[in-house]
Each structure stands twice: as C-alpha cells, then as structure tokens.
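Numbering (this note's numbering), first residue to last: 68 to 302.
Backbone N, C-alpha and C fix where the C-beta goes; we use that ideal spot for every residue, glycine too.
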Amino acid sequence: MHILLVEDDAGLAETMAEILQAHHCLVDVANDGEAGLTKAQAGAYNLILLDVMLPHLDGISLCKQLRSLGNQVPILMMTALDTSRDKVRGLDSGADDYIVKPVDPQELMARIRALSRRAQISETEVLHWGDLQLDPALHEVTYAAQPIHLTPKEYNILQLLMHNGRQVLKRLTIVEHVWSLEDPPREDTINATIKSLRNKLKSVGAPHSLIETIHGVGYRLGQPDTQATEANAPR
68 MHILLVEDDA GLAETMAEIL QAHHCLVDVA NDGEAGLTKA QAGAYNLILL
118 DVMLPHLDGI SLCKQLRSLG NQVPILMMTA LDTSRDKVRG LDSGADDYIV
168 KPVDPQELMA RIRALSRRAQ ISETEVLHWG DLQLDPALHE VTYAAQPIHL
218 TPKEYNILQL LMHNGRQVLK RLTIVEHVWS LEDPPREDTI NATIKSLRNK
268 LKSVGAPHSL IETIHGVGYR LGQPDTQATE ANAPR
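Structural data, given as structure tokens:
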C-alpha cells in the first residue's frame with residue numbers, strides 16, 4: 068500500500084512512517100499542506116493520512132481542494148482536536164474517517180485496513196445477483212427492473228453484500244465498511260438497518276431470504292437461483 072502522510076511535526080511524521088513501514092506500507096511524507104496537495108495530485112496513492120493543523124494550507128482546506136479536483140483517494144484525517152464539531156468539519160470536507168491524536172498504532176492500522184477494504188469495491192462495475200441489480204455509477208438499485216429507494220447506509224450494506232456474494236460477512240466487517248469507527252453504531256441500529264433493507268427489497272417482490280442471517284456470525288446473500296421461485300410462490 069502506498070500512503071501519503073501529511074504531517075508538519077517532523078518527529079511524529081518519522082514515528083508514524085516507521086509504524087506504517089513496519090506493516091509493509093510505502094510512505095511518502097509532506098511537511099505542509101501545499102506540499103501535500105502537490106504530492107497528492109502527482110502520485111498514485113492508496114490512502115492519504117492527513118493532519119488538520121498544517122502550515123501554508125490546513126488539512127480541512129487541503130481535503131476540500133482534493134475532492135473538488137476529483138481526487139477520490141481515501142483520506143484518514145488526524146488531529147488533536149477531539150470534539151464533535153471538529154469531527155463533523157473533517158468528515159464534511161470529504162475525509163473518509165477521523166482519528167484523534169495521540170494515535171494508537173493498532174487503531175491506526177485497523178482504520179487503514181477498513182478504508183482499504185472499502186476502496187476495493189468497484190465504483191463503476193454494475194453488480195448483479197439474480198434479479199437484483201446495483202449500478203454504482205448511477206447510484207441506482209433495482210429488483211426485476213423495479214427501482215428501490217435506499218438510504219446511504221442501506222445502499223452501502225447492499226453493495227458490500229453483492230460484492231461478496233455467498234461469503235459470510237461478519238457484523239464487524241459491515242460496521243468497518245459502512246459506519247465510522249469513531250462513532251460505531253449500536254447493536255439495534257445495525258439490526259434496524261438490515262430489517263429496513265429487507266423490507267424494501269420485499270416490497271418489490273424479492274424473497275426475505277435474499278439476505279440471509281448466519282446467527283452468531285453475520286450476513287450473506289441467498290442463492291440467486293432460488294430467489295425467483297420463492298418470490299413467485301403462492302402466499
């Protein structure tokens with residue numbers, strides 16, 4: 068993984084680079100916001116680790132500029148500012164996740180792995196599972212050509228399930244992909260989101276078993292070749 072670290076504290080940047088390199092990451096360092104912007108636009112990075120308080124160009128402004136330029140590399144923002152307002156500003160600027168200093172190395176790597184897994188899901192490939200179709204480019208979901216209107220969380224969960232097919236996804240894996248680790252959901256929130264997604268699918272004729280619960284483990288998609296039969300069976 069090729070990571071751009073934008074951090075003006077030379078000692079901290081060196082320490083973090085050593086942590087990342089110990090996990091087999093290739094690291095480039097920029098010591099101010101303007102240098103970070105230049106490197107981000109010139110290099111092919113898998114992730115940007117971005118401090119908020121930077122000279123010349125602060126992290127919030129840098130993040131906004133990158134997004135306005137069409138740069139969609141995952142951004143993990145880090146700062147000593149530990150308030151909800153600061154987190155909201157960071158995420159609203161286009162960051163994908165937020166971590167508070169002092170950074171715990173294990174938490175840092177867990178967040179990087181989570182963002183990396185999210186980025187592996189294709190943004191353009193149309194996904195199919197039986198009569199179910201998800202078009203990431205248009206952000207549209209249909210079942211048997213009938214449109215389904217989903218919330219962002221429902222959409223992200225369905226996209227993750229369709230990308231993995233019959234592979235069972237643990238609840239923690241879903242949380243890492245769909246929610247911020249800084250503000251993880253309650254148990255009942257995950258259940259309610261899955262239930263709402265199932266109900267919306269059922270409302271257009273999809274079987275309840277389209278999303279299977281593997282008790283004590285997580286969720287996966289049901290066999291596509293049984294869905295049409297179940298959906299059309301007498302009730």
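Relative to the C-alpha of residue i, which residue among the options is closest?
i	options	result
residue 172	154, 88 and 223	88
residue 100	93, 84 and 117	117
residue 103	86, 82 and 125	125
residue 263	233, 217, 243 and 226	217
residue 134	154, 107, 243 and 123	107
residue 286	152, 273, 255 and 224	224
residue 281	73, 235, 75 and 242	235
residue 132	113, 157, 152 and 242	157
residue 192	199, 203, 177 and 184	203
residue 278	242, 240 and 233	233
residue 115	166, 77, 78 and 147	166
residue 147	164, 169, 159 and 161	169
residue 163	273, 246 and 222	246
Any idea what DSSP makes of residue i, helix, strand or coil?
i	result
residue 83	helix
residue 15	With the chain covering only 68 through 302, there is no way to say anything about residue 15.
residue 301	The predicted model places residue 301 with a pLDDT of 36, which falls under 50 and marks its position as unreliable; any figure quoted below should be read in that light. In the structure shown, residue 301 sits in coil (DSSP, three-state: anything other than H, G, I, E or B).
residue 69	strand
residue 145	strand
residue 107	helix
residue 132	helix
residue 290	coil
residue 235	coil
residue 75	coil
residue 209	strand
residue 280	strand
residue 219	helix
residue 310	Here the chain comprises residues numbered 68 to 302, so residue 310 is not present and cannot be evaluated.
residue 114	strand
How should residue i be labelled, buried or exposed, when 16 other C-beta atoms within 10 angstroms of its C-beta is the threshold for buried?
i	result
residue 220	buried
residue 71	buried
residue 227	buried
residue 90	exposed
residue 154	buried
residue 183	exposed
residue 141	buried
Return the Cβ separation of residue i and residue j in integer angstroms, given the expectation that the two are a contact with Cβ distance under 8 Å.
i	j	result
residue 144	residue 119	6 Å
residue 185	residue 244	5 Å
residue 268	residue 210	6 Å
May I have a chain-ordered list of the alpha helix (DSSP H) segments no shorter than 4 residues that lie completely inside the region 159 to 205? For the region 159 to 205, whole alpha helix (DSSP H) runs of length 4 or above, ordered along the chain, are 172 to 187.
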